[in-house]
Amino acid sequence: MPSSDFNHIEESFAKDFLSLKAIFEFVGTFSTSNNLDDSQTFSIKFAVEEVFTNMVKYNPGSTEVAISLSRDGKNVKVGFVDVEEQPFDITTKEEVNPNLSIEKRRPGGLGIFLIKKLMDKVEYAHDGIYSRITLTKIVE
Amino acid sequence: MFQFRIAQDGQILLSGRLDASHSEVAKKEFDKITESAVVNLRDLEYISSAGLGVLFAAQKRLKDAGKGLKLINMNQHIRDVFRYARFDLIFEIE
Numbered sequence: 038m039p040s041s042d043f044n045h046i047e048e049s050f051a052k053d054f055l056s057l058k059a060i061f062e063f064v065g066t067f068s069t070s071n072n073l074d075d076s077q078t079f080s081i082k083f084a085v086e087e088v089f090t091n092m093v094k095y096n097p098g099s100t101e102v103a104i105s106l107s108r109d110g111k112n113v114k115v116g117f118v119d120v121e122e123q124p125f126d127i128t129t130k131e132e133v134n135p136n137l138s139i140e141k142r143r144p145g146g147l148g149i150f151l152i153k154k155l156m157d158k159v160e161y162a163h164d165g166i167y168s169r170i171t172l173t174k175i176v177e
Numbered sequence: 303m304f305q306f307r308i309a310q311d312g313q314i315l316l317s318g319r320l321d322a323s324h325s326e327v328a329k330k331e332f333d334k335i336t337e338s339a340v341v342n343l344r345d346l347e348y349i350s351s352a353g354l355g356v357l358f359a360a361q362k363r364l365k366d367a368g369k370g371l372k373l374i375n376m377n378q379h380i381r382d383v384f385r386y387a388r389f390d391l392i393f394e395i396e
């Protein structure tokens, strides 16, 4: 059941790439309500897609992901909650080297690398049942 | 919504959102490209790492054959993503 107020919205989405359309609308609603600019909105949508699709691809053991968006002053926080047996801490994943030549570069890992570029903070926690990922974007 | 079209002048026109839900469609289209081509991103609003992966795979395959993609008219947000990913080292970007 979605819940919302001016500075906080949350909703659960089915673990399917086809949920992305609804997720982008969800982010768009929050961005409009909070007067975020196009660049901030693009960054948040990008980061949300990357985290969500990672959960879809690598944790098939649950059916939904709860996503929340909140703003406290200059801090916009994006929260993800997923049931996950085996912790997968995206903050410790080995980073890609973007300076390699095309011959030496391999696909994969770019999403998490770019989340760290576009967002200001990435946090991960696992309590034995739930994985919680929190992204922070500082906005003016 | 994502669209892949080839214009009369041979340019590949991408429009909409190239996200994970559309990357398979994009991959199938790019897999058909066997010659160097200009990809016009004027109407592409958004790209994620799934879309970057499609372009990367196409470029790698074409480069191995001595060919390549040239990307034009990308918006500033997409340009920033390309710069962070250092895809400016991989593609000719105008």
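Chains A and B are the protein sequences, given in the same order. Going by this note's numbering, the first residue of the first sequence is number 38, and it counts up by one from there. Going by this note's numbering, the first residue of the second sequence is number 303, and it counts up by one from there. The beta-carbon is built from N, C-alpha and C at its ideal position, and this holds for glycine as well. Bear in mind that the values here come from a model prediction, so they are computed numbers and not experimental data.
Legend entry - At least three beta-carbon pairs within less than 8 Å, the segment 321-330 of chain B to the segment 346-361 of chain B: Between the segment 321-330 of chain B and the segment 346-361 of chain B, the count of Cβ pairs shorter than 8 Å is three or higher; the stretches touch.
Legend entry - Members of the segment 356-380 of chain B near chain A, C-beta cut-off 8 Å: Taking 8 Å as the Cβ-Cβ cut-off against chain A, the residues of the segment 356-380 of chain B that qualify are Phe358, Ala359, Gln361, Lys362, Lys365, Gln378 and His379.
Legend entry - Secondary structure of Thr128 (chain A), DSSP reduced to three states: Three-state DSSP puts Thr128 (chain A) in a helix.
Inset, instruction - Report the residue from B:Asn377, B:Leu391 and B:Phe306 whose alpha carbon sits nearest the alpha carbon of Ile335 (chain B). - result: The option with the nearest alpha carbon to Ile335 (chain B) is B:Phe306.
Legend entry - Local conformation of Ala103 (chain A) per DSSP, three classes: If DSSP states are grouped into helix, strand and coil, Ala103 (chain A) belongs with the strands.
Legend entry - Interfacial residues, the segment 326-354 of chain B to chain A, with Cβ spacing under 8 Å: Against chain A - using a Cβ distance shorter than 8 Å - the residues of the segment 326-354 of chain B are Tyr348, Ser350, Ser351, Ala352 and Leu354.
Inset, instruction - Answer with buried or exposed for Ala162 (chain A), where buried requires no fewer than 16 other C-beta atoms within 10 angstroms of its C-beta. - result: Counting the other CB atoms within 10 Å of its CB gives Ala162 (chain A) a total below 16, which places it among the exposed residues.
Inset, instruction - Please determine, among A:Thr171, A:Val93 and A:Leu57, the residue with the shortest C-alpha to C-alpha distance to Glu160 (chain A). - result: For Glu160 (chain A), the nearest C-alpha among the options comes from A:Thr171.
Legend entry - Reduced DSSP secondary structure (H/G/I, E/B, other) of Val115 (chain A): Of the three classes helix, strand and coil, the one that applies to Val115 (chain A) here is strand, per DSSP.
Legend entry - Buried/exposed call for Ile314 (chain B), threshold 16 Cβ in 10 Å: Under this definition Ile314 (chain B) is a buried residue.
Inset, instruction - Taking C-beta pairs closer than 8 Å, name the residues in chain A that Ser323 (chain B) reaches, listed in chain order. - result: Correct list: Phe54, Leu55, Leu57 and Lys58.
Inset, instruction - May I have the straight-line CA-CA distance separating Val120 (chain A) from Asp333 (chain B), to the nearest angstrom? - result: Those two C-alpha atoms are separated by around 36 Å.
Inset, instruction - Report all residues from its chain with a CB closer than 6 Å to the CB of Ile46 (chain A); omit the five preceding and five following residues, and keep chain order. - result: Excluding residues up to 5 positions away in sequence, Phe67 and Leu106 lie with their Cβ nearer than 6 Å to the Cβ of Ile46 (chain A) in the same chain.
Inset, instruction - Using only alpha-carbon positions, find the residue among B:Lys330, B:Asp366, B:Lys329 and B:Gly370 that is nearest to Glu337 (chain B). - result: Checked all of B:Lys330, B:Asp366, B:Lys329 and B:Gly370; the closest Cα to Glu337 (chain B) is B:Gly370.
Legend entry - Beta-carbon proximity list for Ile308 (chain B), same chain, < 8 Å, skipping 5 on both sides: Taken in chain order, the residues that qualify are Ile314 and Leu315.
Legend entry - Inter-stretch contact (C-beta, 8 Å, three-pair minimum) for the segment 142-159 of chain A and the segment 76-94 of chain A: Enough Cβ pairs lie closer than 8 Å, so yes.
Legend entry - Within-7 Å CB hit, Ile395 (chain B) to chain A: Output row for Ile395 (chain B): interface = no.
Inset, instruction - Measure the CB-CB distance between Pro135 (chain A) and Ala387 (chain B) and report whether it falls below 7 Å. - result: Contact: yes.
Legend entry - Cutoff 8 Å; reference Phe83 (chain A); Cβ partners in own chain excluding five residues on either side: Shown here for Phe83 (chain A): same chain residues with a beta carbon closer than 8 Å to its own, the five before and five after excluded, namely Leu151, Ile152 and Leu155 in chain order.
Inset, instruction - Please report the residue range of the beta strand (DSSP E) in which Ser168 (chain A) lies. - result: Element bounds for Ser168 (chain A): Tyr167 to Ile175.
Legend entry - Bridge-paired residues (DSSP) for Gly318 (chain B): Paired residues: B:Phe304 and B:Leu346.
Legend entry - Span separating the alpha-carbon of Val102 (chain A) from that of Met303 (chain B): Straight across, the Cα-Cα distance linking Val102 (chain A) with Met303 (chain B) is about 23 Å.
Legend entry - Euclidean distance between Cα positions of Val118 (chain A) and Thr129 (chain A): Between the C-alpha atoms of Val118 (chain A) and Thr129 (chain A) there is a straight-line separation of about 18 Å.
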